[in-house]
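Quick note on this note's numbering: the sequence shown kicks off at 30 and runs consecutively. Cβ coordinates follow ideal geometry from the N, Cα and C atoms, glycine included. Working notes, structure below.
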Amino acid sequence: MKEITPRDYQINARDQAIAKINSEKNVILILLPTGMGKTLISCLIIDQLIDSGEIASDEKVLYLVGDRKLKHQLFDMGQEYGLGKHGNLFLLPERGEMPARMVRNHAKISKIIYATPILLLNSLIAKSRRTQMIEKETIKNVKLIVIDEILDIMAQSYGKRRTKEETIKFIETNFQKSFDEIVGDLIAQYPEVRKNDIEGFLLNEFSAKYWRLNKRFEPLLNYLKVFNKDSEKIIVGLTASISQKKKRDLLIKTFGEERSVEVFPEGEDFESYRPKIQLKRIQVFDDWVIDLDSKIKEIKMINLKNINKAYKALLNRSKLPSDRILLFISDILGKNKIQNKLKEKRGEDFLNKVMTHASSYLIATVARQKLLENTFASFVRFIKRTKNSFLQKNENFQYIKDKVEERIQEIKEDGGPYISKKEERLLFWLKRFVEEGKKVLVLCRFVKMTQYLYNIMEHERIKSTYVHGKMSGNTQHRHIMEFKRGEAMILFASERLIERGTDLPEADVAIYYGTTVSLERYEQSLGRIRSNYQNIKTAYTITYNQTTENEKSLKRDLAFLEIFDANKLIKER
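In structure tokens form, the structure reads like this:
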């Protein structure tokens, strides 16, 4: 077993947390940027609490983590650190992987249990004793609950956004500058973007949402009695999304200010090691893509107009909030209760029309993703297989199909493999970085894109490798090690695999081949290359100009600015 030596700032965070627990604060929120070792800090805290007797010999530790794959990584870290010296570490299996009786016995004798919230809840609630995987008495013995990425698990957005005036005031308060000064700074950084667009992106991003306790996980949290102010349970929440102040405020309010505290590492070691990254964009110009993207936008606007009619029929509100569109569509298409209500209010013909437009909206959303972030072949297959009745009659969709057929014919006449404008631009920059001796991590949204780009590099005789979540664990490890050892200068990786727990400090440059909207995911992914104040690295996003992709990229980067001011935000609390 390799020895893990914590850094000074990790020990500092542990000592702060232990001191707060000793002063009768039993809800500790550890705030630490991506890639700085939150999991190790939690191991240090567990070690100290068990050694000191704060966690008694008959008491347990429960790790809750929202992602199934990450559950395994946290378990591995606990083993590597040596938490096994305190007792058995138990990775709660998925239902059906192990007999329920065996799971109950393992959980009963284990010191530390690792689980996802949904899996734990399903393990506790069963139709009979025979199928129950964890006994209630086992959970009663839990003294410490560690919740990884606690903001994701506990906070859920809802309701209306702020007005323009309220949003401007919010922005000025957080950045300590006037709105005009902030816009001016961004114009200097992005001279190709119009002032009105920058103002619009800012207002849209920071028109703050309201947050409430996540209804999905609330039953489990209530079962664990974590909100009981008289409870002696200790809760340690971990998060890398330190810029999400509204979510943090919700947690403090929910648990109670008298028992809750935030911990943020201090010291020179932290200041020199904390993340700092330079963001740049590579813009691609392609009139064909711009044209098709605009047609998809027009299709979605027609769909949304009809979806809003359904929203008004159900809730008597004229406009569906932008952050609830996909959720509402999934309700229309998947919930009989919603369908029956629409049918009662407006009739069966109205219901059928709305469901057709809801389906069309989803199809158009996926088509746009494939156009901008996937292979041309994938886009073509998707368009050809689409059978939606509205789209089959829609002029814009027919226009897209015609343009696709024209492009296919052009490719046949050229006689060579098709490489898009974006792929050409990416190839240019990858060759340049490799010539400079730089190792490059390319993050892709789609699994197939990782192998497709790898094949292009093979054709160009540039040594690269790729990794994604559908590979076996051994294959993933082998390909990642090829990159780490320098056998491959380029690693194409699916963002979902890389975003959490896979550190690649060997990468000199990151390129984001896509525009994932989630700020948390962007923050997590870029944290993998370990860019800090001692070694500042550059992350590029490659996008098609004058498309939705370019707009999303700018919006995401503007929001990302707040993350780098997080230390100030914490200290001002």
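With fewer than 16 other CB atoms across the displayed protein chains lying within 10 angstroms of its CB, residue 410 is exposed.
The distance from the Cβ of residue 161 to that of residue 241 is about 30 Å, inconsistent with a contact at the 8 Å cut-off.
As summarised for the region 147–178, the continuous alpha helix (DSSP H) elements at least 4 residues long and confined to that stretch are 165–169, given in chain order. Closest option to residue 474, judged by alpha-carbon separation, among 351, 177 and 498: 498. Residue 141 sits away from residue 121, with the two beta carbons spaced by 8 Å or more. About 5 Å separates the CB atoms of residue 84 and residue 78; that is less than 8 Å, so the two are in contact. For the pair residue 335 and residue 383, the CB atoms are nearer than the 8 Å cut-off.
In this structure, residue 485 and residue 452 form a Cβ contact; the two beta carbons are roughly 6 Å apart against a cut-off of 8 Å. If you look at residue 522, you'll find it in the beta strand (DSSP E) that goes 519–523. Bridge partners of residue 268 according to DSSP: 60. Residue 200 places its beta carbon 8 Å or farther from that of residue 216. Inclusion of residue 417 and residue 394 in the CB contact set at 8 Å is not warranted, their separation being larger than that value.
The beta carbon of residue 428 sits closer than 7 Å to those of 324, all from its chain and outside the five residues before and after it, given in chain order. In this structure residue 100 is in contact with residue 144, their Cβ atoms being roughly 7 Å apart against a cut-off of 8 Å. The DSSP assignment places complete alpha helix (DSSP H) segments of no fewer than 4 residues inside the region 280–305 at 297–302, in order along the chain.
Distances from the CA of residue 513 to each of 330, 501 and 496 were compared; the closest alpha carbon is that of 496. Following the DSSP letters along the chain, one finds residue 84 in no beta strand (DSSP E), marked with neither H nor E.
For residue 34 and residue 267, the gap between their C-alpha atoms comes out near 20 Å.
Shown here, residue 205 sits in coil according to DSSP, grouped into three states, outside any helix or strand. Counting only runs of 4 or more residues that sit fully inside the region 316–347, the alpha helix (DSSP H) segments are 316–344, in chain order. Counting only the Cα atoms, residue 450 lies some 23 Å from residue 518. Distance from residue 537 to residue 468 at the Cβ level is roughly 5 Å; contact confirmed, criterion being Cβ atoms closer than 8 Å.
Counting along the chain, the unbroken beta strand (DSSP E) around residue 89 starts and ends at 89–93. A check of alpha carbon separations from residue 458 across 365, 487, 569 and 355 identifies 569 as the nearest. According to the DSSP secondary-structure assignment, residue 142 is paired through a beta bridge with 91 and 119.
Per DSSP, the continuous beta strand (DSSP E) segment holding residue 538 begins and ends at 538–542. Between the region 280–293 and the region 51–58 there are three or more inter-stretch CB-CB distances shorter than 8 Å, so the stretches are counted as touching.
Bounds of the beta strand (DSSP E) holding residue 496 are 493–496. Between the beta-carbon of residue 213 and that of residue 146 there is about 44 Å, and that puts the pair past the 8 Å contact cut. In the DSSP assignment, residue 471 falls within the beta strand (DSSP E) that extends over 469–473. Leaving aside the five residues that flank residue 567 on each side, the residues in its chain whose CB is nearer than 7 Å to its CB run, in chain order, 307, 309 and 538.
The region 431–438 and the region 395–402 do not touch, with fewer than three beta-carbon pairs separated by less than 8 Å. Sorting 112, 111 and 148 by C-alpha distance to the C-alpha of residue 126 places 148 at the top. Assignment of residue 263 by DSSP, reduced to helix, strand and coil, places it in the strand class. As the crow flies, the alpha-carbon of residue 103 is around 45 Å from that of residue 341. Cβ atoms of residue 67 and residue 292 stay farther apart than 8 Å, at about 11 Å.
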